[in-house]
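Those protein sequence lines, which keep their order, are chains R and B.
Going by my numbering, the residue at position 217 of the first sequence is 217; the numbering climbs one at a time, nothing skipped.
Going by my numbering, the residue at position 123 of the second sequence is 123; the numbering climbs one at a time, nothing skipped.
For glycine and all other residues, C-beta sits at the position ideal for the given N, C-alpha and C.
Every value quoted in this text rests on a predicted model; they were computed, and no experiment measured them.
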Amino acid sequence: MNRLEFFMFHLMPWPYIPPGEDLESTWVTLPNSHYDPKVGHRVYTEYLEQLIACEKLGYDGVIVNEHHQNAFGTMPGPNLWAAYLAARTQHITIGVVGNALPMHNNPVRVAEEIAMLDVVSGGRIISGHVRGMGAEYHSSGQNPTTSKAKFWEAHDLIIKAWTENGPFSWEGEYYNLPYVNPWPRPVQQPHPPIWLPGTGSTDTIEETARRKITYLQTTTSNWITKKSFALYRQLCEEKFGYEAAPTQLGRVLPTYVAETDEQAYREFKPHAMWFFRTGLKIAPQHLFPPGYNTAEALGRTMRGRAQAGVRNFWEYSYDELIELGYIIVGSPETVVAAYERQIEEYGLGLAVSAGGHLGSMPNWMVMKNMQIMAEQVMPHFREADGKPTWAQRDRPVPYTLAEQAAVVGEPKQAPTVRLDNGRDLDARFGHVPEVVAEAEGR
Amino acid sequence: MQQAAGTAVAHAPPTQQAEVGGLSLTYREAGAGPAVLYLHGKDFAARWLPFHVELTTTLRVLAPQHPGFAATPAPSWFRGFDDGVIVHRELLDHLGLDRVHVVGLDIGAWMAADLAVFHPERVASLTVVAPFGLRVPGSPIADFFGASGPRNAELLFGADPGPFAELLPAPGDIDAFVASYADASGAARLMWNPRYDLKLDHRLPRLHVPALVVAAGEDRLVPAAHPARWAELLPDARLETIDGAAHAVHLQQPERLAALIQTFISEVHP
Numbered sequence: 001m002n003r004l005e006f007f008m009f010h011l012m013p014w015p016y017i018p019p020g021e022d023l024e025s026t027w028v029t030l031p032n033s034h035y036d037p038k039v040g041h042r043v044y045t046e047y048l049e050q051l052i053a054c055e056k057l058g059y060d061g062v063i064v065n066e067h068h069q070n071a072f073g074t075m076p077g078p079n080l081w082a083a084y085l086a087a088r089t090q091h092i093t094i095g096v097v098g099n100a101l102p103m104h105n106n107p108v109r110v111a112e113e114i115a116m117l118d119v120v121s122g123g124r125i126i127s128g129h130v131r132g133m134g135a136e137y138h139s140s141g142q143n144p145t146t147s148k149a150k151f152w153e154a155h156d157l158i159i160k161a162w163t164e165n166g167p168f169s170w171e172g173e174y175y176n177l178p179y180v181n182p183w184p185r186p187v188q189q190p191h192p193p194i195w196l197p198g199t200g201s202t203d204t205i206e207e208t209a210r211r212k213i214t215y216l217q218t219t220t221s222n223w224i225t226k227k228s229f230a231l232y233r234q235l236c237e238e239k240f241g242y243e244a245a246p247t248q249l250g251r252v253l254p255t256y257v258a259e260t261d262e263q264a265y266r267e268f269k270p271h272a273m274w275f276f277r278t279g280l281k282i283a284p285q286h287l288f289p290p291g292y293n294t295a296e297a298l299g300r301t302m303r304g305r306a307q308a309g310v311r312n313f314w315e316y317s318y319d320e321l322i323e324l325g326y327i328i329v330g331s332p333e334t335v336v337a338a339y340e341r342q343i344e345e346y347g348l349g350l351a352v353s354a355g356g357h358l359g360s361m362p363n364w365m366v367m368k369n370m371q372i373m374a375e376q377v378m379p380h381f382r383e384a385d386g387k388p389t390w391a392q393r394d395r396p397v398p399y400t401l402a403e404q405a406a407v408v409g410e411p412k413q414a415p416t417v418r419l420d421n422g423r424d425l426d427a428r429f430g431h432v433p434e435v436v437a438e439a440e441g442r
Numbered sequence: 001m002q003q004a005a006g007t008a009v010a011h012a013p014p015t016q017q018a019e020v021g022g023l024s025l026t027y028r029e030a031g032a033g034p035a036v037l038y039l040h041g042k043d044f045a046a047r048w049l050p051f052h053v054e055l056t057t058t059l060r061v062l063a064p065q066h067p068g069f070a071a072t073p074a075p076s077w078f079r080g081f082d083d084g085v086i087v088h089r090e091l092l093d094h095l096g097l098d099r100v101h102v103v104g105l106d107i108g109a110w111m112a113a114d115l116a117v118f119h120p121e122r123v124a125s126l127t128v129v130a131p132f133g134l135r136v137p138g139s140p141i142a143d144f145f146g147a148s149g150p151r152n153a154e155l156l157f158g159a160d161p162g163p164f165a166e167l168l169p170a171p172g173d174i175d176a177f178v179a180s181y182a183d184a185s186g187a188a189r190l191m192w193n194p195r196y197d198l199k200l201d202h203r204l205p206r207l208h209v210p211a212l213v214v215a216a217g218e219d220r221l222v223p224a225a226h227p228a229r230w231a232e233l234l235p236d237a238r239l240e241t242i243d244g245a246a247h248a249v250h251l252q253q254p255e256r257l258a259a260l261i262q263t264f265i266s267e268v269h270p
């Protein structure tokens with residue numbers, strides 16, 4: 001059985017809205033007068049503290065993501081929160097999963113910001129690349145009919161910006177940049193790990209398998225996850241000639257663990273129901289703007305879902321969500337057994353939303369969920385020392401200045417001032433009279 | 001009462017193909033008389049309607065399906081109205097037609113105006129019906145791309161769509177939904193953003209072809225300020241309003257609309 005990595009994935013929802021049944025959609029058109037910035041101050045602070053706590057608890061990583069103009073996830077600028085987390089933690093991996101590439105008019109901005117985060121955090125960043133939900137094309141004015149092509153071009157441009165020395169020129173279908181030369185460059189080599197979330201569409205799975213990118217299955221049933229993972233592994237093996245590592249397959253699998261099965265069931269229920277009934281109440285015209293999918297692909301998906309009896313998120317009962325594997329709820333023993341099945345049957349390597357916040361959960365419940373997860377579930381899927389991945393490996397850059405001085409050393413080029421006499425002065429010592437005197441030839 | 005009929009035609013002329021503008025264009029042709037190029041709107045691109053039949057009583061009607069709509073696929077390079085202008089101009093070349101009367105509805109009106117702007121010598125007259133294409137500050141065209149099924153029905157047919165509701169995908173009808181999604185994708189390709197062409201503001205006044213602007217009196221999609229503005233900008237235009245019709249005026253008042261167009265063309269083309 002492979003190791004399982006645990007990630008706390010925060011959507012930062014705004015649960016203070018009427019029930020989904022009374023709303024057309026929690027996206028695009030839900031009036032933002034429902035948002036109260038003064039309450040928001042408390043909500044953001046609690047959410048951020050929950051993520052920060054994950055380091056001490058021993059999670060492998062924390063994840064933030066980008067969503068716009070909705071109550072499901074009030075995090076339009078995930079890189080801002082990643083910067084905050086990088087400042088408030090020292091060791092834990094921080095995933096931005098992801099930046100919605102076609103939403104950015106110049107994708108190099110994403111390459112720059114991720115590199116900034118990677119450098120300042122000492123190489124702790126995962127760069128997730130997403131297209132953005134269909135709803136976000138309504139909210140951004142970006143054209144959904146070109147989004148997939150723009151996404152892959154932006155992705156390729158970002159990877160090239162990180163891996164090839166600049167400046168180079170980019171002459172693409174959608175982006176034409178005479179100088180691509182981002183400062184800084186990322187500290188992780190060749191570049192930060194890339195994750196790509198998907199709902200199970202064949203071409204996303206194929207593109208991620210081809211590029212050895214981690215595929216993250218978004219909230220869905222066991223049945224669809226099993227199909228997606230099997231296809232990914234099959235494509236790796238038969239089409240691209242390699243064996244997929246467990247860390248290439250992740251799944252968003254909201255989990256709640258408590259003292260007993262009954263206790264967990266009772267505590268999680270209202271908050272899970274808020275998430276599925278209200279948070280995910282996305283009107284179809286918002287979810288599928290024209291051209292976001294090809295008509296053929298959408299038809300295939302709709303027929304497949306109809307045939308398999310897949311319903312809208314908000315149409316499932318709590319028991320059905322558990323039964324179908326959308327969520328895991330139970331005592332530590334139950335949750336351990338459920339994850340063992342995920343590993344053995346599906347080949348799961350990355351458990352995302354594995355404990356943490358969901359829906360309308362209060363702060364105390366999140367902390368309780370995470371502590372039981374950390375102490376009674378995670379060790380079961382680790383080596384005997386219980387260490388998270390970040391404690392097992394050397395950081396790309398050491399944490400202390402003393403280690404940095406010992407290992408990294410001096411910059412290759414000293415900051416230099418050319419004096420009027422044509423001699424060069426090392427600016428770092430330009431205030432030391434003896435050095436100046438020598439440079440000036442006195 | 002309006003008949004569902006508004007929609008039913010016993011015999012549609014067969015579709016034909018023309019290799020024009022770098023793609024395979026599907027079109028229908030029927031009738032005799034002065035030639036009319038009819039550029040369809042964002043909806044019902046595949047249909048031959050009683051409105052078309054009315055027109056054919058005095059006119060030769062050419063009805064292409066824009067790339068990205070109905071049976072005409074859009075290559076990946078097909079992204080703008082200018083690409084559409086080339087396709088439709090080459091269709092005229094293909095059919096040996098020197099000059100035609102051009103009629104367009106909503107997105108087709110925008111395309112028709114661009115065709116006339118760039119090839120005025122090929123356009124005997126221009127008719128725009130409930131047209132898209134202008135920005136009228138304070139009066140945006142309703143967001144049909146983000147409309148639910150019922151809202152879309154209202155935008156097209158008014159508060160009570162009546163029998164016309166049958167033209168829209170029924171809940172659960174995946175094939176019909178996918179077909180309408182495909183046409184909406186064709187429209188999104190051309191006009192998701194921006195939803196107007198500011199250049200028309202200074203191009204239309206230079207367009208000295210006889211023009212007819214038709215407004216639907218109860219249009220909830222295109223505010224009345226739009227056809228009014230078209231009529232102001234076009235130097236040789238007259239504005240007609242068809243009362244009692246919502247945006248889909250060609251379905252709700254096919255005889256009235258056809259008669260207006262026929263009268264106008266007979267004046268231009270005696």
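- Collapsing the DSSP output to three states places residue 209 (chain B) in coil.
- Secondary structure at residue 178 (chain B): helix, using DSSP grouped into helix, strand and coil.
- Any Cβ of chain R closer than 8 Å to the Cβ of residue 192 (chain B) would place that residue at the interface, and such an atom is present.
- Cβ neighbours of residue 260 (chain R) within its own chain (closer than 8 Å, five residues either side excluded): 331.
- Under the three-state reduction of DSSP output, residue 34 (chain R) falls in the helix class.
- Among the residues of the stretch 264 to 287 of chain R, those with a Cβ less than 9 Å away from any Cβ of chain B are 283, 284, 285 and 286, in the order of the chain.
- As a beta-bridge residue in DSSP terms, residue 8 (chain R) pairs with R:62.
- Apart from the 5 residues on each side of it in sequence, residue 346 (chain R) sits with its Cβ closer than 7 Å to the Cβ of 225, 226 and 229 in its chain, given in chain order.
- Chain order gives the chain R residues near residue 146 (chain B) as 28, 29, 138, 285, 286 and 289, where near means a beta carbon separation below 8 Å.
- Residue 91 (chain R) is a Cβ neighbour of residue 55 (chain R), given a cutoff of 8 Å.
- Burial state of residue 214 (chain R) is buried, judged by a 10 Å Cβ sphere holding 16 or more other Cβ atoms.
- One thing to note: residue 234 (chain B) has its Cβ within 8 Å of the Cβ of residue 207 (chain B).
- Taking the beta carbon of residue 165 (chain R) as reference, no residue of chain B falls within 9 Å; the closest one sits roughly 32 Å away.
- The three-state secondary structure of residue 102 (chain B), taken from DSSP, is strand.
- Take the alpha-carbon of residue 316 (chain R) and the one of residue 173 (chain B): they are about 22 Å apart.
- Think of a sphere of 7 Å around the beta carbon of residue 189 (chain B): the chain R residues whose beta carbon falls inside it are 145 and 291, in chain order.
- When C-beta atoms of the stretch 39 to 49 of chain B are compared with those of the stretch 60 to 70 of chain B, three or more pairs fall below 8 Å, so the two segments count as touching.
- By the beta-carbon neighbour count (other beta carbons within 10 angstroms, threshold 16), residue 96 (chain B) is exposed.
- Restricting attention to R:96, R:70 and R:68, the CA atom closest to the CA of residue 81 (chain R) is found in R:96.
- Contact between residue 45 (chain B) and residue 70 (chain B) holds, since their C-beta atoms are separated by about 4 Å, short of 8 Å.
- For residue 295 (chain R), the nearest CB of chain B lies under 8 Å from its own CB, placing it at the interface with that chain.
- At a beta-carbon threshold of 9 Å, none of the residues of chain R lie near residue 87 (chain B); the nearest stands roughly 18 Å away.
- In summary, residue 276 (chain R) is buried, with 16 or more beta-carbon neighbours lying within 10 Å of its beta-carbon over all protein chains present.
- Residue 148 (chain B) is not a Cβ neighbour of residue 71 (chain R), given a cutoff of 8 Å.
- Against chain B, the beta carbon of residue 302 (chain R) has neighbours under 9 Å at 174, 177 and 178, listed in chain order.
- Contact of residue 182 (chain B) with chain R is assigned, a C-beta pair being separated by under 8 Å.
- For residue 185 (chain B), the closest Cβ of chain R is nearer than 8 Å.
- As the crow flies, the alpha-carbon of residue 339 (chain R) is around 32 Å from that of residue 190 (chain R).
- DSSP places residue 240 (chain B) outside any alpha helix (DSSP H); the residue lies instead in the beta strand (DSSP E), whose first and last residues are 237 to 242.
- Fully enclosed beta strand (DSSP E) runs of no fewer than 3 residues occupy 350 to 352 of the stretch 332 to 386 of chain R, in order along the chain.
- Within the model, the alpha-carbon separation for residue 75 (chain B) versus residue 177 (chain B) is close to 22 Å.
- Only residues of its own chain outside the window of five on either side were considered, and among them 134 have a CB closer than 6 Å to the CB of residue 288 (chain R), listed in chain order.
- No residue range can be given for residue 292 (chain R), since it is assigned to no alpha helix (DSSP H) and is classified by DSSP as neither H nor E.
- Per DSSP, the unbroken alpha helix (DSSP H) holding residue 402 (chain R) starts and ends at 401 to 407.
- Within chain B, the residues placing a beta-carbon under 9 Å from that of residue 141 (chain R) are 192, 193 and 194, ordered along the chain.
- For residue 426 (chain R), the secondary structure class from DSSP, reduced to helix, strand or coil, is strand.
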